[in-house]
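>
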Amino acid sequence: MQDGFQVFKFGGASIKDAAAIRNVAAILEDFQGLPLVVVISAMGKTTNALEEVLKLYRAGQQEAAREALYAIRDQHRSVAMELFGEAGIPPELADHLNDLMVPVEWQLEDEPSDNGDFDYDQIVSLGELFSTLIIAAYLNQNGRKTFWLDARDAILTDDIYRQGGVQWPETQKRIQSLVPPHIKAGELVLTQGFIASTSDLNTITLGREGSDYTAAIFSYCLDAERMSIWKDVPGVLTADPRKFKNVSKLDRLSYREAIEMTYYGAKVIHPKTIKPLQNKSIPLQVRSFIDPAGEGTLISDALEDEAYPAMVAVEDGQALVHVSTRDFSFVAEQHIKEFFDLIAELRLRVNMIQNTAIAFNVVFNDVDGKVDEFCERLQERYKTLIDRDLQLITVRNYTDETVESLKRGKLVLLEGRLPKTVQMVVREQPVLVSK
Ligand code: ADP
Ligand code: ASP
Ligand code: MG
Numbered sequence: 078m079q080d081g082f083q084v085f086k087f088g089g090a091s092i093k094d095a096a097a098i099r100n101v102a103a104i105l106e107d108f109q110g111l112p113l114v115v116v117i118s119a120m121g122k123t124t125n126a127l128e129e130v131l132k133l134y135r136a137g138q139q140e141a142a143r144e145a146l147y148a149i150r151d152q153h154r155s156v157a158m159e160l161f162g163e164a165g166i167p168p169e170l171a172d173h174l175n176d177l178m179v180p181v182e183w184q185l186e187d188e189p190s191d192n193g194d195f196d197y198d199q200i201v202s203l204g205e206l207f208s209t210l211i212i213a214a215y216l217n218q219n220g221r222k223t224f225w226l227d228a229r230d231a232i233l234t235d236d237i238y239r240q241g242g243v244q245w246p247e248t249q250k251r252i253q254s255l256v257p258p259h260i261k262a263g264e265l266v267l268t269q270g271f272i273a274s275t276s277d278l279n280t281i282t283l284g285r286e287g288s289d290y291t292a293a294i295f296s297y298c299l300d301a302e303r304m305s306i307w308k309d310v311p312g313v314l315t316a317d318p319r320k321f322k323n324v325s326k327l328d329r330l331s332y333r334e335a336i337e338m339t340y341y342g343a344k345v346i347h348p349k350t351i352k353p354l355q356n357k358s359i360p361l362q363v364r365s366f367i368d369p370a371g372e373g374t375l376i377s378d379a380l381e382d383e384a385y386p387a388m389v390a391v392e393d394g395q396a397l398v399h400v401s402t403r404d405f406s407f408v409a410e411q412h413i414k415e416f417f418d419l420i421a422e423l424r425l426r427v428n429m430i431q432n433t434a435i436a437f438n439v440v441f442n443d444v445d446g447k448v449d450e451f452c453e454r455l456q457e458r459y460k461t462l463i464d465r466d467l468q469l470i471t472v473r474n475y476t477d478e479t480v481e482s483l484k485r486g487k488l489v490l491l492e493g494r495l496p497k498t499v500q501m502v503v504r505e506q507p508v509l510v511s512k
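Per our numbering: the sequence shown = residues 78 to 512.
1. Taking the alpha carbon of Met-304 as the point to measure from, which residue in Val-310, Thr-291, Leu-314, Thr-315 has its own alpha carbon closest?
2. Indicate the three-state DSSP secondary structure (helix, strand or coil) for Lys-344 in the structure shown.
3. Please confirm if the region 201-210 is in contact with the region 166-185, defined as three or more CB-CB distances below 8 angstroms between the two stretches.
4. Look at the alpha carbon of Ala-241 and the alpha carbon of Thr-275, and state the distance between them as a whole number of angstroms.
5. If you follow the beta strand (DSSP E) that Tyr-297 is part of, which residue opens it and which one closes it?
6. Check whether the Cβ of Val-398 lies closer than 8 angstroms to any Cβ atom in chain C.
7. Out of Ala-157, Thr-223, Asp-227, Asp-277, which one is the CA nearest neighbour of Ala-262?
8. Taking the Cβ atom as the reference point for each residue, do Ala-396 and Val-448 lie within a distance shorter than 8 angstroms?
9. Where His-347 and Asp-477 are concerned, what is the direct C-alpha to C-alpha distance, given to the nearest angstrom?
10. Apart from the five residues just before and just after Val-310, which ones in its own chain have a Cβ nearer than 6 angstroms to its Cβ?
11. So, at 6 angstroms on beta carbons, what are the nonlocal neighbours of Phe-195 in its own chain, with the 5 sequence-adjacent residues on each side left out?
12. Please list the terminal residues of the continuous alpha helix (DSSP H) segment that includes Thr-476.
13. Three or more C-beta pairs under 8 angstroms: does that hold for the region 394-411 against the region 335-353?
14. Which class does Arg-229 belong to by DSSP, given the choice of helix, strand or coil?
15. Taking Gly-394 as part of the beta strand (DSSP E), name the residues at either end of that continuous run.
16. What residues in its chain sit with their C-beta under 6 angstroms from that of Ala-343, if we drop five residues either side in the sequence?
17. Is Gly-137 near the ligand MG - that is, is its Cβ less than 7 angstroms away from at least one heavy atom of it?
18. Taking the straight line between their C-alpha atoms, what separation do you get for Gly-493 and Lys-487?
19. Give me whichever residues DSSP pairs with Asn-432 in a beta bridge.
20. When the Cα of Ala-97 is compared with those of Glu-159, Glu-383, Tyr-134, which residue comes out closest?
21. Closest to Asp-227 by CA distance: which of Tyr-134, Leu-361, Val-256 is it?
22. Roughly how many whole angstroms lie between the Cα atoms of Lys-156 and Glu-106?
23. Of the choices Arg-285, Ile-294, Gln-184, Leu-113, whose alpha-carbon is the least far from that of His-259?
24. Ser-305: beta carbon under 7 angstroms from a heavy atom of the ligand ASP?
25. Helix, strand or coil, according to DSSP, for Gln-79 in the structure here?
26. From Met-501 to Ser-254, what distance separates their C-alpha atoms?
27. For the alpha helix (DSSP H) containing Gly-284, name the first residue and the last one.
28. With burial defined as no fewer than 16 other Cβ atoms inside 10 Å of the residue's Cβ, what is the status of Glu-505: buried or exposed?
29. With DSSP as the reference, label Asn-442 as helix, strand or coil.
30. Who are the near neighbours of Thr-315 in its chain, counting only those whose CB is closer than 6 angstroms to its CB and skipping five residues on each side?
31. Could you tell me whether any non-hydrogen atom of the ligand ADP is closer than 7 angstroms to the CB of Ser-296?
32. Could you tell me the boundaries of the alpha helix (DSSP H) in which Ile-272 lies?
33. Around the ligand MG, what residues have a beta-carbon under 6 angstroms from a heavy atom of it, in chain order?
34. Using the three-state DSSP reduction, which class does Gln-184 fall into: helix, strand or coil?
35. Would you mind reading off the limits of the alpha helix (DSSP H) that contains Lys-487?
36. Tell me the rounded alpha-carbon separation between Leu-127 and Gly-446.
So, in structure tokens, the structure goes:
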């Protein structure tokens with residue numbers, strides 16, 4: 078296999094309109110001649126808009142779903158028109174975009190299937206297909222030889238819709254046979270993040286924000302020299318700049334710190350991204366598409382013992398569930414096993430756990446009504462209580478001062494401390510100030 082592959086990933090913000098796409102094309106100009114695979118997400122907030130189409134469809138509002146779908150198509154057409162200008166949208170591109178619409182239009186004619194997650198993936202996957210087709214055509218028109226690779230030919234998963242689990246050996250075989258011939262022919266290989274295929278050739282997605290993970294799959298399978306994700310921030314910061322002031326950029330970070338922070342809500346990298354890279358010691362650079370000359374943050378394995386500043390991650394939409402035995406019996410192994418079996422069956426994401434003699438407290442991501450189902454299923458033998466709309470705050474390398482300042486104006490419902498990490502589940506609470 079050819080050495081020195083690099084994998085780039087551009088997310089929704091970096092391609093949100095025609096000007097942003099031109100900026101990405103200009104960045105790629107600087108990497109001529111590099112064996113390069115580029116993974117791209119859906120434009121801007123397209124995935125959210127497609128989720129709305131799905132909701133309308135599943136609510137039986139077929140006509141409204143169709144209209145919402147056409148609005149998304151039209152928005153892509155207008156971006157393409159702006160990019161191609163006088164020359165007009167190339168006919169092959171227009172045809173390909175239309176072809177992609179057909180199965181979804183048919184789907185919207187039919188009743189929703191029994192599997193909402195399957196329906197979701199067939200509709201929501203359109204965003205990445207649209208964006209990459211337009212960008213590939215644009216790069217080709219501008220003289221950058223680009224091969225549009227359908228990620229569904231490359232990444233094989235199980236059939237857990239909306240959360241496809243990668244079948245690594247087959248995926249590796251496919252990527253190793255599909256990518257190198259195009260790189261050898263001097264082409265840039267451009268593909269979609271987030272989407273893949275089941276063995277029945279159905280489209281599946283890898284979970285929201287999954288394009289970073291796609292780039293890591295390609296990096297792993299190609300033994301890439303480096304992976305770079307291009308963001309609207311200068312690199313990994315000590316906290317989300319949308320939520321905190323005084324954040325600072327980390328120049329370097331270990332895989333361990335990166336995985337801990339992203340798992341608990343540092344949205345800058347999808348948490349599944351780190352493992353494949355760590356397993357092959359592939360460095361990950363997080364850098365800015367607004368300031369492409371900036372150094373960004375380098376994540377690698379050489380930095381385990383480094384002293385890091387306090388880093389904060391915040392995850393909204395948390396539910397704290399208190400489960401207690403009805404007859405005052407202790408929460409023992411068999412109870413805990415029962416809770417965990419149910420958690421696994423419902424695929425609930427657990428963020429914190431604490432138990433006492435007769436109670437089990439667990440914090441979940443509160444999505445898709447699963448928390449209610451968890452409680453309903455335990456109702457007969459246990460008393461359950463749900464606290465909703467909570468925030469999970471995770472602080473790595475904490476100082477007491479940081480923790481105290483984060484608690485201000487908040488009611489702490491659950492707190493856990495490890496040598497390097499403090500986690501707390503909180504609710505906003507107005508601070509009383511004396512008159
Ligand atoms: P993409 O366009 O690739 O999907 P995202 O918008 O998902 O990118 O991720 C970038 C955003 O992540 C930033 O705009 C920033 O608000 C947010 N973010 C959250 N935590 C951090 C952090 N620790 N460092 C940098 N950015 C962060
Ligand atoms: N477009 C998908 C999403 O918004 C995947 C991604 O952007 O990473 O979730
Ligand atoms: Mg994103």
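Note that the Cβ used here is the ideal one computed from N, Cα and C, for glycine as well.
Judging by the given coordinates:
1. Within the sequence shown, residue 304 is the residue found at index 227, counting from 1. It is Thr-291.
2. The count along the sequence shown starts at 1 and reaches residue 344 at position 267. Lys-344: coil per DSSP, three-state reduction.
3. yes
4. Your numbering for residue 241 matches position 164 in the sequence shown. Your numbering for residue 275 matches position 198 in the sequence shown. First, the amino acid is wrong: residue 241 is Gly here, not Ala. Approximately 8 angstroms between the Cα atoms of the pair.
5. Counting from 1 along the sequence shown, the entry for residue 297 is found at position 220. Where Tyr-297 is concerned, there is no enclosing beta strand (DSSP E), although the alpha helix (DSSP H) it sits in stretches over 288-298.
6. The structure shown contains no chain C; it is built from a single protein chain.
7. Working through the sequence shown from its first residue, we reach residue 262 at position 185. The candidate whose alpha carbon is nearest that of Ala-262 is Thr-223.
8. In the sequence shown, the residue the question calls residue 396 occupies position 319. In the sequence shown, the residue the question calls residue 448 occupies position 371. Note that the C-beta distance between Ala-396 and Val-448 is below 8 angstroms.
9. For the purposes of this step, residue 347 is identified with residue 270 of the sequence shown, where counting begins at 1. For the purposes of this step, residue 477 is identified with residue 400 of the sequence shown, where counting begins at 1. Each residue's alpha carbon lies about 28 angstroms from the other.
10. If you number the sequence shown from 1, residue 310 lands on position 233. So the list is empty, once near-sequence residues are dropped.
11. Along the sequence shown, read from residue 1 onward, the residue named residue 195 stands at position 118. So the list reads Tyr-238, once near-sequence residues are dropped.
12. The residue you call residue 476 lines up with position 399 of the sequence shown. Careful: Thr-476 lies outside any alpha helix (DSSP H) and carries neither H nor E.
13. no
14. Taking the sequence shown and counting its residues from 1, the one referred to as residue 229 is at position 152. Residue state for Arg-229 is assigned as helix, using DSSP reduced to three classes.
15. Within the sequence shown, residue 394 is the residue found at index 317, counting from 1. Counting along the chain, the beta strand (DSSP E) containing Gly-394 begins and ends at 388-402.
16. Numbered from its first residue, the sequence shown carries residue 343 at position 266. Taken in chain order, the residues that qualify are Ala-390.
17. Taking the sequence shown and counting its residues from 1, the one referred to as residue 137 is at position 60. Distances taken from the Cβ of Gly-137 to the heavy atoms of the ligand MG include none shorter than 7 angstroms.
18. Residue numbering aside, residue 493 sits at position 416 when the sequence shown is read from its first letter. Residue numbering aside, residue 487 sits at position 410 when the sequence shown is read from its first letter. If you take the alpha carbons of Gly-493 and Lys-487, they lie about 16 angstroms apart.
19. Your numbering for residue 432 matches position 355 in the sequence shown. Per DSSP, Phe-437.
20. Start at 1 with the first residue of the sequence shown, and residue 97 comes out as number 20. If you compare the alpha carbons of Glu-159, Glu-383, Tyr-134 with that of Ala-97, the shortest gap goes to Glu-159.
21. Here residue 227 corresponds to residue number 150 of the sequence shown, with the count starting at 1. Closest by alpha carbon: Val-256.
22. In the sequence shown, the residue the question calls residue 156 occupies position 79. In the sequence shown, the residue the question calls residue 106 occupies position 29. For the record, residue 156 in the displayed sequence is Val; it is not Lys. Their backbone Cα atoms lie some 21 angstroms apart in a straight line.
23. Translated into the one-based positions of the sequence shown, residue 259 becomes position 182. For the residues Arg-285, Ile-294, Gln-184, Leu-113, the minimum Cα distance to His-259 belongs to Leu-113.
24. Position 228 of the sequence shown, counting from 1, holds the residue named residue 305. Outside the cutoff, so no.
25. Position 2 of the sequence shown holds residue 79. In this prediction, Gln-79 scores a pLDDT of 47, lower than 50, which makes its location untrustworthy; no coordinate-derived value is stated.
26. What you label residue 501 is simply residue 424 of the sequence shown in a count that begins at 1. What you label residue 254 is simply residue 177 of the sequence shown in a count that begins at 1. Cα to Cα, the separation comes out at about 47 angstroms.
27. Within the sequence shown, residue 284 is the residue found at index 207, counting from 1. First-last for Gly-284: undefined, no H or E at that position.
28. The residue given as residue 505 occupies position 428 in the sequence shown. Flag for Glu-505 reads exposed.
29. Translated into positions along the sequence shown, residue 442 becomes position 365. Strand, per DSSP.
30. Working through the sequence shown from its first residue, we reach residue 315 at position 238. Closer than 6 angstroms at the Cβ level, and outside the excluded window around Thr-315, lie Val-324, Ser-325, Pro-386, Met-388.
31. Within the sequence shown, residue 296 is the residue found at index 219, counting from 1. No, the beta carbon of Ser-296 sits no closer than 7 angstroms to any heavy atom of the ligand ADP.
32. Position 195 of the sequence shown, counted from the first residue, corresponds to residue 272. First-last for Ile-272: 272-274, but that is the beta strand (DSSP E), not the alpha helix (DSSP H).
33. Gly-88, Gly-89, Glu-286
34. For the purposes of this step, residue 184 is identified with residue 107 of the sequence shown, where counting begins at 1. Looking at Gln-184 - three-state DSSP - the assignment turns out to be helix.
35. Against the sequence shown, residue 487 aligns to sequence position 410. Note, Lys-487: premise wrong, no alpha helix (DSSP H); beta strand (DSSP E) at 487-494.
36. Working through the sequence shown from its first residue, we reach residue 127 at position 50. Working through the sequence shown from its first residue, we reach residue 446 at position 369. C-alpha separation (whole angstroms): 20 angstroms.
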